[in-house]
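Structure first, commentary second.
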Amino acid sequence: MATEEERLTVAPITGPDDPRHFTDSGIEMEALYGPEDVRENLPERLGAPGEYPYTRGPHREMYRKQVWTMRQYAGYASAKESNERYRYLIGRGATGLSMAFDLPTQLGLDSDNPRCLGEVGRTGVAIDTIDDMRTAFDQIPLDEVSTSMTINAPAAVLLALYELVGEEQGVPSEKLRGTTQNDILKEYIARGNYIFPPEASMRLTTDLFAYCKENVPRWNTVSISGYHFREKGCSAVQEVAFTLSSGIAYVQAAIDAGLAVDDFAPRLAFFFNGHNNVFQEVAKFRAARRMWAKIMKERFGAENPKSMMLRFHTQTGGVTLTAQQPVNNIVRVALQGFAAVCGGTQSLHTNGFDEALALPSETAAKTALRTQQILAHESGAADTVDPFAGSYFVEALTDEIESRALELITKVDELGGSVKAIEFITGEIDESAWGYQERYRIEQDIVVGVNKYEEEAAEVPDLLRVDPDSERAQLERLKAFKEDRDHEKVEGALKVVREAAGGKDNLVPHIKDALRDRASMGEVCGAMQDVFGKYAPTF
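Going by our numbering, the letters in the sequence shown line up with residues 2 to 540, in that order.
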């Protein structure tokens, strides 16, 4: 075990000839692990599955009772084309949808905004209006499917559109199941897809907490994301620490807004990355569960056991995929998915092998889904709960990740929490990302097919190509939508949104009313921006 002084959160740069082995978190791997490497009172710290501190999983039987939700992240071009992909995946055994939005939608911009030229429908589906959302879920019964929306700054707007489509299908809001990512803090730190200043964004987040408690009780109101921290280059320890720090910030913000912790905490969800080091990833998931249970019980006084359960979705690591020898990515994704399952994930998305080159083709998407099905039915990982428990190696890793992550959380707390520590967190991740690239450059770390075992001939599979005409067609649909409505009614509804933004009312009902009156997504976000302003980073 490393001493307090020796603990790192990223791997040191030592050169390819150093015989020592480190995880990306700087944890040195011993040649052999034994009882002396596992801390005392192991049974107490482990607990039983489904019992505090949930190290071994949030449910007693885990996958023996029901396998994880198999989600495939999908969406591109138009709502119609995305609908076809959703139905394709459901028809091949997907048990949940994960909705990808294009960059303009993520930024709260309508497709006809001049800033959006060339980006409409490129990285996901363009959703400007109630018509778009209706088309995206055509012939998909919303009371039978769980939908995850990877949307943050305009999360309340997109959920309101989803609710309205549910109402049209005759599905009451209390029957809707799914998740809005709604984690705005990681946008300031890792992605940059923000609209409003942090304080206003946090208000929208907690407004959604309160609204869903009363109106959409089965909805997960936030998916607190470490995935994007890891994509930006952080280590496993940093992913745990900064994700849980974000969770602490959201819980505190909700309490400060007058919500009781046990009223909203059971609907908090998390989103982690899956990387190639199977053992570190399993330990990471186990440590995060134990840490969150303690944080909720000891720091926030939660009494409902569901408030202490860290339930999470995993996506395999996009940043680990290589454009060189892309078929190798199938193996990487299988390893990452195996680690997530052995670590007790509640839902899983497996990446397409061609995603370093383009949005996944149908073949790649189907292969990724089949990977999950093989894990569920052929690997044995679903046959027993917490299969790595008691391993000297994994238990030592779990403890070490917990200790190092707690030290980082303490640093964030000392800076005033995640909202005030954005610059510190960003700096830590940047340093980690630089270290990874340097270790790769000097071949201390090996990426098969990239800096070792290269091949000269380029291997390019058939790729999905978004039709350039899809953007033009989306603009035509949006133009027709905006012309065919009661403009005075729309302006009146947007005025109410501005007034609510300037006051203390919960914004979500006013957002939903405006969308029902045929305001567009961009118009609603623009109305709030008129009051909140636009965020500009200072570092």
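In this text, a Cβ means the ideal position worked out from N, Cα and C, and glycines have one as well.
Using a Cβ-Cβ cutoff of less than 7 Å, which residues in the same chain neighbour THR56 once the five nearest sequence positions on both sides are dropped?
Same-chain partners within the cutoff: ARG46, LEU47, GLY48, ARG287, ARG290 and ARG291.
Quick one: residues in its chain with C-beta nearer than 6 Å to the C-beta of ALA294, no 5 flanking neighbours on either side, listed in chain order?
Contacts found: TYR53, PRO54, TYR55 and MET309.
Can you give the Cα-Cα distance for GLU5 and GLY319, rounded to whole angstroms?
Any answer about GLU5 is weak, because its pLDDT of 43 lies below 50 and its placement is not dependable; what the coordinates show is given next. So the two alpha carbons sit approximately 33 Å from each other.
Assign THR15 to buried or exposed, taking buried as 16 or more other Cβ atoms, counted over all protein chains shown, within 10 Å of its Cβ.
THR15 is exposed by the Cβ-count criterion.
Who are the Cβ neighbours of ASP355 in its own chain at under 7 Å, not counting the five residues just before and after it?
Excluding residues within five positions, the ones whose Cβ falls inside 7 Å are PRO327, PRO361, SER362, ALA365, PRO462 and LEU464.
At what residues does the beta strand (DSSP E) containing GLY179 begin and finish?
Looking at the DSSP string, the run of the beta strand (DSSP E) that includes GLY179 is 178 to 181.
Pairs of beta-carbons, one from the stretch 237 to 255 and one from the stretch 407 to 427, closer than 8 Å: are there three or more?
With a cut-off of 8 Å, the stretch 407 to 427 and the stretch 237 to 255 count as touching, because enough Cβ pairs lie within range.
Does the stretch 265 to 285 come close enough to the stretch 235 to 247 that 3 or more CB-CB pairs lie under 8 Å?
The stretch 235 to 247 vs the stretch 265 to 285: in contact.
Using the rule of at least 16 other Cβ atoms within 10 Å of the residue's Cβ for burial, across every protein chain shown, is PRO155 buried or exposed?
Its Cβ being crowded by 16 or more others within 10 Å, PRO155 is buried.
Thinking C-alpha only, which one of ASP208, TYR189 and THR148 is nearest PHE230?
The option with the nearest alpha carbon to PHE230 is TYR189.
DSSP three-state call for MET30: helix, strand or coil?
MET30 falls in the strand class under three-state DSSP.
Identify, in the order they occur along the chain, each residue of the same chain with its Cβ nearer than 7 Å to the Cβ of ASP144, setting aside the five sequence neighbours on each side.
Result list for ASP144: VAL172 and LYS176, in chain order.
Measure the Cβ-Cβ separation of THR323 and ALA377 and say whether it is below 9 Å.
It is not a contact, given that the beta carbons lie outside the stated cut-off.
When the Cβ atoms of the stretch 298 to 315 are set against those of the stretch 331 to 347, are three or more pairs found closer than 8 Å?
Yes, since at least three Cβ pairs between the stretch 298 to 315 and the stretch 331 to 347 fall closer than 8 Å, the two stretches touch.
CA-CA distance, PRO510 and GLN373?
So the alpha carbons of these two residues sit roughly 38 Å apart.
Please report the straight-line C-alpha distance between PHE425 and ILE185, rounded to a whole angstrom.
Using only the alpha carbons, I get a separation of about 17 Å.
Can you list the alpha helix (DSSP H) stretches of 4 or more residues lying completely in the stretch 128 to 198, in chain order?
Fully enclosed alpha helix (DSSP H) runs of 4 or longer: 131 to 137 and 156 to 169.
Mind checking which residues open and close the alpha helix (DSSP H) that includes LEU407?
First-last of the alpha helix (DSSP H) with LEU407: 393 to 415.
Measuring only the C-alpha atoms, how far is ASP25 from ASP103?
So the two alpha carbons sit approximately 31 Å from each other.
What's the C-alpha gap between SER392 and ALA284?
Rounded to the nearest angstrom, the two C-alpha atoms are 10 Å apart.
Does DSSP put GLY97 in a helix, a strand or coil?
Note: GLY97 maps to strand in three-state DSSP.
From the DSSP output, in three-state form, read off LEU465 for me.
Coil at LEU465, not helix or strand.
Please determine, among SER236, ALA261 and THR106, the residue with the shortest C-alpha to C-alpha distance to ILE196.
Nearest option by C-alpha distance: THR106.
Does ARG268 pass the burial test, meaning 16 or more other C-beta atoms within 10 Å, or should it be called exposed?
ARG268 is buried by the Cβ-count criterion.
So what does ALA528 bridge to, in DSSP terms?
Answer by DSSP bridge pairing: none, since ALA528 is not bridged.
Under DSSP, the beta strand (DSSP E) around LEU349 begins and ends at which residues?
Run containing LEU349: 348 to 350, per the beta strand (DSSP E) assignment.
Leaving out five residues on either side along the sequence, give the residues of the same chain with a beta carbon under 8 Å from the beta carbon of GLU7.
Residue placement at GLU7 cannot be trusted, given a pLDDT of 48 that sits under 50; what the coordinates show is reported in the next sentence. Nothing listed; no residue qualifies.
My parser needs the alpha helix (DSSP H) runs of 4 or more residues fully inside the stretch 231 to 265; what are they?
Counting whole runs of 4 or more residues, the stretch 231 to 265 contains the alpha helix (DSSP H) stretches 237 to 257 and 262 to 265.
Does LEU360 come out as helix, strand or coil in the three-state DSSP assignment?
Residue state, collapsed to three classes: coil.
So if DSSP puts THR70 in a beta bridge, which residue, or which two residues, is it bridged to?
In the DSSP output, where bridge partners are listed per residue, THR70 has SER348.
What separation, rounded to the nearest whole angstrom, lies between the Cα atoms of ARG148 and GLY179?
The amino acid at residue 148 is misidentified as Arg; the sequence shows Thr. One C-alpha to the other measures close to 4 Å.
Between ALA422 and SER236, is the Cβ-Cβ spacing less than 9 Å?
No, these two residues do not count as a Cβ contact at 9 Å.
Under DSSP, the beta strand (DSSP E) around THR315 begins and ends at which residues?
Per DSSP, THR315 belongs to the beta strand (DSSP E) from 313 to 317.
Might you give, ordered along the chain, the residues of its own chain that have their beta carbon closer than 7 Å to the beta carbon of ALA382, omitting 5 neighbours on each side?
The residues are PHE339, VAL342, CYS343, LEU376 and PRO388.
Do ALA266 and ASN305 have their C-beta atoms closer together than 9 Å?
Result yes, Cβ atoms of ALA266 and ASN305 sit closer than 9 Å.
Is it true that the CB of ALA75 sits closer than 9 Å to the CB of LEU90?
In this structure, ALA75 lies closer than 9 Å to LEU90 by Cβ.
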